[in-house]
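**Student:**
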Amino acid sequence: MFQKMFLSAVLLSSVFAHAKTVRSLDQVSGEIHSNEIAAEYDYQMNGTAKPDGFGSVARNDGATVNALVRLLAPQTKTVNIGLIGLRKWQGNQYIASFCAYHEPMKWEYADDKSRYADCSNNIQTFQQITFAVVEQKDGAWQLAAEPYTVRFKTQEEQTEQDIQRSAFSLKNHRGNTVIGTPDRLDLAPYQLNENTRAFGVRYTAHVGYAGGGAMNQAMTLFAVLDGKLKPVLTVETYQFENLAGDWNPDGTRQHDIESTEYILKMSPKQTHGFYDIVWRETRSRRPQQKTFTWQPAQQRYVESKSR
């Protein structure tokens with residue numbers, strides 16, 4: 021597989037926990053200490069396949085494809101579909117993922133042409149992204165809650181305000197607000213309270229530069245509230261940049277590498293019946309940390325200024 025230009029993004033205002041200059045490009049990967057970042061970097065640089073983050077459905081599995089399309093996007097043309105995913109979650113419930121474009125899917129550019137595993141706006145334009153909780157009853161797939169769907173205008177019609185309203189928007193390394201590329205589901209046990217569990221959707225933004233690039237990832241937590249799947253918290257999860265520096269006498273080029281990674285932890289403290297969530301930087305002597313508390317009126321987590 022041909023080497024892809026390394027595209028990625030980082031938020032401009034952050035202080036990086038790990039910074040180093042290496043002598044040449046081939047030494048960059050040895051300075052990446054995050055499995056999440058390493059997987060994305062290796063994919064962008066070498067085309068190394070990443071784990072299937074959404075449980076993509078085989079294109080020849082007509083029964084499953086038709087059943088999920090009827091539930092998630094009955095008006096969508098099958099030829100425009102890039103992603104149909106199904107992953108086991110809790111009990112009899114699964115997370116269904118769906119992505120379609122304004123134009124027919126360009127399968128010649130797909131990494132896996134046998135499965136609905138493509139959801140990227142690098143080449144094509146998003147028309148719809150949907151996530152849903154589904155379950156099987158009497159052998160048939162059914163919705164367990166109203167899905168979360170974002171519909172997008174064409175690039176010519178779309179405004180920055182349209183992008184910002186999406187649960188998958190983030191700022192790239194240039195400071196532009198963009199729709200992130202869905203990367204994978206995060207099914208860690210985000211237990212918001214005794215009756216409410218959340219799952220995460222991680223998504224990335226990429227920027228390419230001559231001789232390097234930058235990337236960042238964010239995650240939105242979703243939970244079923246009042247019968248509807250809703251976004252309840254969005255946080256940064258990592259930042260990485262690899263920028264070409266000075267030339268060496270032997271013709272190789274130095275690279276400046278900076279990275280930061282963040283994790284979420286459920287706090288034992290509760291606010292309005294929901295556990296607080298702690299967002300914390302890893303691998304840092306002075307880590308950034310924030311606490312998010314539940315706000316009933318907004319039905320989402322908001323950063324606490326008092327803790």
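Using our numbering, read the sequence shown as starting at 21 and increasing by one per residue.
For each residue, glycine too, the CB sits at the ideal point set by N, CA and C.
Quick one: measure Cβ to Cβ for Val244 and Ala165, integer angstroms, because I've assumed they're closer than 8 Å.
**Tutor:** That belief holds up - the Cβ atoms of Val244 and Ala165 are roughly 4 Å apart, short of 8 Å.
**Student:** Given a threshold of 16 other Cβ atoms within 10 Å of its Cβ, counted over all protein chains shown, does Pro202 qualify as buried or as exposed?
**Tutor:** With 16 or more other Cβ atoms within 10 Å, it is buried.
**Student:** From the DSSP output, in three-state form, read off Asp132 for me.
**Tutor:** Here Asp132 sits in coil by DSSP.
**Student:** Which partner residues of Met235 appear in the DSSP bridge assignment?
**Tutor:** His226, Phe260
**Student:** Can you tell me which of Gln110, Asp296, Arg185 puts its alpha carbon nearest to the alpha carbon of Ala208?
**Tutor:** Gln110
**Student:** May I have the straight-line CA-CA distance separating Ser324 from Glu155, to the nearest angstrom?
**Tutor:** 35 Å
**Student:** Measuring alpha carbon to alpha carbon, tell me which of Gln95, Gln175, Ala78, Phe118 ends up nearest Ser134.
**Tutor:** The shortest C-alpha separation from Ser134 is found at Ala78.
**Student:** In angstroms, rounded to a whole number, what distance separates the CA positions of Ala39 and Thr254?
**Tutor:** Taking the straight line joining both Cα atoms gives about 26 Å.
**Student:** Between the Cα of Arg47 and those of Ser287, Arg273, Gly82, Cys139, spot the shortest distance and give me the residue it belongs to.
**Tutor:** The question names Arg, yet the displayed sequence has Gln at residue 47. Among Ser287, Arg273, Gly82, Cys139, the Cα nearest to that of Gln47 belongs to Arg273.
**Student:** In the DSSP assignment, what are the bridge partners of Ile115?
**Tutor:** Arg107, Val153
**Student:** On a Cα-Cα basis, can you pick out the residue from Phe172, Thr313, Gly75, Gly271 that is closest to Lys289?
**Tutor:** Thr313
**Student:** Within the continuous beta strand (DSSP E) that includes Leu284, where are the two ends?
**Tutor:** Where Leu284 is concerned, the enclosing beta strand (DSSP E) stretches over 273-291.
**Student:** Contact check, Ala187 vs Pro251 under 8 Å by CB: the rounded distance?
**Tutor:** The beta carbons of Ala187 and Pro251 sit about 4 Å from each other, so the pair counts as a contact at 8 Å.
**Student:** Report the partner residues of Ala137 according to the DSSP bridge assignment.
**Tutor:** Per the DSSP secondary-structure output, Ala137 pairs in a beta bridge with Leu103.
**Student:** For Glu180, count the other beta carbons within 10 Å of its own beta carbon; 16 or more makes it buried, fewer makes it exposed. Which is it?
**Tutor:** It is exposed - the Cβ of Glu180 has fewer than 16 other Cβ atoms within 10 Å.
**Student:** So if DSSP puts Lys40 in a beta bridge, which residue, or which two residues, is it bridged to?
**Tutor:** Ile277
**Student:** Have a look at Gln178, Ala130, Glu128 and flag the residue whose alpha-carbon is nearest the alpha-carbon of Phe330.
**Tutor:** Outside the shown range of the chain, which is 21 to 327, sits residue 330, and nothing can be said about it.
**Student:** So, do the region 232-243 and the region 258-274 have three or more beta carbon pairs nearer to each other than 8 Å?
**Tutor:** yes
**Student:** Closest by CA to Tyr282, which one among Phe294, Val298, Gly293, Asp270?
**Tutor:** Of the candidates Phe294, Val298, Gly293, Asp270, Val298 places its Cα closest to the Cα of Tyr282.
**Student:** Is the beta carbon of Ser117 closer than 7 Å to that of Phe151?
**Tutor:** Yes, Cβ-Cβ distance for Phe151 and Ser117 is below 7 Å.
**Student:** Beta carbon of Val227, beta carbon of Arg194: below 7 Å?
**Tutor:** yes
**Student:** Roughly how many angstroms separate the alpha carbons of Gln113 and Thr68, rounded to a whole number?
**Tutor:** 31 Å
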